[in-house]
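Numbering (the numbering used here), first residue to last: 64 to 300. Encoded as C-alpha cells, the structure appears first; notes follow it.
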DNA sequence: ACATTAAATTCGA
DNA sequence: TCGAATTTAATGT
C-alpha cells in the first residue's frame, strides 16, 4: 500500500519545461552556470506523508518545491516546543545547512502529493564558487527568511485566531520566498488549521471574516489573496 | 457531527 | 475518448 521510501536520487526524473520555468534562480544565471545547474537538477513526485529530509540526516540537496505543499517541523528531541511551517510552491530551502556542510536541522514531509526538486550539494557549492548572481539570490533569500522567522514569533504570541490566520496566510503568500504561489494558494482549511494550530471550523470562521473584510476570497481547495499588504497588518475590528 | 457542494474517478458506450 | 454516474474530498453551519 505505501510505497517503500526511495531516495530522491533513485526516483529522480527529468524536469519538464514548465517545471524549469518555475525555478526563479535559474533565470538569473549566466548560460554556462545554468547548464551546470541543469545537468545536476533532479525532481521527484512524493506522496502524502513522505519524508523529504529528517533532522540529523546528511545534507545532500538544496530542495525546491515545484508543486504541492510541504510541512517543516522544527522539534527538539523530546516533544518540547514544536513549530510547523508550511512550505508552498516556489520555495527553496536548506541553504543554511548546505553552506556549513552540516546535517539538516528540521524534518520536511509532504502534506499532500507534491513535486520536489533537488540541486545536489556539489552543484550548489560550484554555483556559489563561480556565480555572483547565485550568491546574490541566496543572500537575498536568507535575508527574507530572517524576516519571516521574526514575524513567525509574533504570530505565535497572537492569541486572536483571525489574526493568526491572517498573518500565517500572508507569510505563505511571500512573493520572494514563495514565487510559485501567485495569487491563489492551494491549501485546504484543514491543512491551514494544522499549520496555525486551530480547528478546521475556527479556520473557516476566520477565513470568512477575512473575506468579509475584502482581503481574501475563499475558493474550493485554496485561498485567493486580494490585498496582501492589508492581510499582513490585519487587526480585528 | 451533519448536510451540501465541488472535484476526481470510474465505467459504458 | 466523451460524458454520465458514482465516489471521495472540502466546505459551511
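Note that beta-carbon positions come from the ideal geometry of N, C-alpha and C, so glycine has one too.
Would a C-beta distance cut-off of 8 Å place residue i and residue j closer than the cut-off?
i, j, result
"residue 252", "residue 270", "yes"
"residue 91", "residue 200", "yes"
"residue 169", "residue 194", "no"
"residue 223", "residue 295", "no"
"residue 255", "residue 266", "yes"
"residue 241", "residue 232", "no"
"residue 243", "residue 85", "yes"
"residue 179", "residue 115", "yes"
"residue 93", "residue 121", "no"
"residue 174", "residue 132", "yes"
Output the distance between the C-alpha atoms of residue i and residue j, rounded to the nearest integer angstrom.
i, j, result
"residue 184", "residue 300", "48 Å"
"residue 273", "residue 214", "19 Å"
"residue 293", "residue 149", "21 Å"
"residue 147", "residue 245", "22 Å"
"residue 286", "residue 89", "28 Å"
"residue 96", "residue 87", "14 Å"
"residue 198", "residue 264", "44 Å"
"residue 239", "residue 130", "16 Å"
"residue 196", "residue 98", "14 Å"
I'd like the span of the beta strand (DSSP E) that includes residue i, first residue to last.
i, result
"residue 177", "177-183"
"residue 226", "It is not in any beta strand (DSSP E) - residue 226 instead sits in the alpha helix (DSSP H) that spans 224-235."
"residue 107", "105-109"
"residue 287", "285-288"
"residue 257", "Where residue 257 is concerned, there is no enclosing beta strand (DSSP E), although the alpha helix (DSSP H) it sits in stretches over 252-259."
"residue 127", "124-130"
Mind checking which residues open and close the alpha helix (DSSP H) that includes residue i?
i, result
"residue 296", "291-296"
"residue 160", "158-163"
Give every residue of the same chain whose Cβ lies closer than 6 Å to the Cβ of residue i, excluding the five residues on either side of it in the sequence, and list them in chain order.
i, result
"residue 181", "71, 105, 124 and 126"
"residue 221", "227"
Less than 7 Å between C-beta atoms, sequence neighbours within five positions excluded: which residues of the same chain meet that for residue i?
i, result
"residue 112", "172 and 173"
Exercise. Flag this pair as touching only if the region 201-209 and the region 152-169 have three or more C-beta atom pairs under 8 Å; answer yes or no.
Key: yes
Exercise. Examine the Cβ distances between the region 159-166 and the region 88-107 and report whether three or more of them are shorter than 8 Å.
Key: no
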